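A.B. asks: In full-length UniProt numbering, the protein residues as written are 1 to 271.
Think of the CB as a built atom: it goes at the ideal place given N, C-alpha and C, for glycine as much as any other residue.
Everything numeric in this text was worked out from a predicted model, so none of it was measured.
What follows is a structure written as structure tokens; I'll ask about it next.
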């Protein structure tokens, strides 16, 4: 195994987690522009979570509710409960524990925040590989997976990747990626690309289990380290996951501001 490719790591991010928790409590909020706000003594309170429907209207986190309603008059507002004058996040934390319990069935978990966790898939991939000897990876196991950097080499007669329908782009890229892998898998010769792909299969299964058991949806990034997994996770939200091969990293880095890279935001990213 090449240096830097020994591990398979995923970062899992719950999509608009606080909003999803409130929508589970009140299903009438689903599929509507919705925010979660805390406190309300000034301009209706500050927004801490925004549904994708509300984002389409220009609503963002850290806005005041009163300002957000000017952009989206039909905005639904769920309130963070308060205890002794402070925000009480208990039911969000309890929902987070539910998710972690499901994730823990699939791999070693490291919680990063209330709505994010890392998975070390290295051992799980090796176990899965034993069951995949002399088999191919079925693309139907990767229905929600993008591969960063794929499809490659679109001809002049075809649409560029940017112009393709997102699902067509995803499907073509995955097909091209899988065709580049060995025809059959073996335990003695397993390229890092195969290990990333098997990791993605496990993450697909995990995400489906989380939704089935808790009702919550999440996105994920699969790579060889935590920094790249975090970066990959944000590429195709919501409710999707992205494999980030090492060969695709230079081009991706060239297209992103340095502040997007974990631990290089804030003042450090401005140096």
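Considering only residues of the segment 205-266, which uninterrupted alpha helix (DSSP H) runs meet the minimum length of 4 residues and lie entirely inside it, listed in chain order?
C.D. replies: List check, alpha helix (DSSP H) in window: 226-233, 249-255.
A.B. asks: Provide the residue(s) that pair with residue 146 in DSSP beta bridges, ordered along the chain.
C.D. replies: Note: residue 146 sits in a beta bridge opposite 242.
A.B. asks: What residues in its chain sit with their C-beta under 6 Å from that of residue 110, if we drop five residues either side in the sequence?
C.D. replies: Closer than 6 Å at the Cβ level, and outside the excluded window around residue 110, lie 118.
A.B. asks: Do residue 221 and residue 241 count as a contact pair if the criterion is CB distance below 9 Å?
C.D. replies: Yes, the pair counts as a contact, with Cβ atoms nearer than the cut-off.
A.B. asks: Per the contact definition of three or more C-beta pairs closer than 8 Å, is the segment 242-253 in contact with the segment 221-233?
C.D. replies: Cβ pair count under 8 Å is three or more, so yes.
A.B. asks: Can you look up residue 7 in the DSSP assignment and give me helix, strand or coil?
C.D. replies: Note: residue 7 maps to coil in three-state DSSP.
A.B. asks: According to the neighbour-count rule (16 or more other Cβ atoms, all chains shown, within 10 Å of its Cβ), is residue 213 buried or exposed?
C.D. replies: Result: exposed.
A.B. asks: Looking at the unbroken alpha helix (DSSP H) that takes in residue 103, where does it start and where does it end?
C.D. replies: Where residue 103 is concerned, the enclosing alpha helix (DSSP H) stretches over 90-103.
A.B. asks: Here's a check: name, in chain order, each residue in its chain whose Cβ is nearer than 7 Å to the Cβ of residue 82, leaving out the five neighbours to either side.
C.D. replies: Cβ neighbours of residue 82 beyond the five flanking positions: 88.
A.B. asks: In chain order, what residues of the same chain have a beta carbon less than 8 Å from the beta carbon of residue 53, not counting five sequence neighbours either side?
C.D. replies: Excluding sequence neighbours, residue 53 sits near 31, 32, 33, 34.
A.B. asks: Classify residue 94: buried if its beta carbon has 16 or more other beta carbons within 10 angstroms, exposed otherwise.
C.D. replies: Classification for residue 94: exposed.
A.B. asks: Look at the alpha carbon of residue 97 and the alpha carbon of residue 187, and state the distance between them as a whole number of angstroms.
C.D. replies: Distance between the alpha carbons of residue 97 and residue 187 is about 35 Å.
A.B. asks: Can you tell me whether residue 136 is buried or exposed? The criterion is at least 16 other CB atoms within 10 Å of its CB, across all chains shown.
C.D. replies: By the 10 Å Cβ count, residue 136 comes out exposed.
A.B. asks: By how many angstroms is the C-alpha of residue 171 removed from the C-alpha of residue 206?
C.D. replies: Near 21 Å, if we compare the C-alpha coordinates of residue 171 and residue 206.
A.B. asks: Under 9 Å, do residue 124 and residue 199 count as touching if we go by C-beta distance?
C.D. replies: Cβ atoms of residue 124 and residue 199: closer than 9 Å.
A.B. asks: Please report the straight-line C-alpha distance between residue 173 and residue 44, rounded to a whole angstrom.
C.D. replies: About 45 Å.
A.B. asks: Per DSSP, residue 108 forms a beta bridge with which residues?
C.D. replies: In the DSSP output, where bridge partners are listed per residue, residue 108 has 120.
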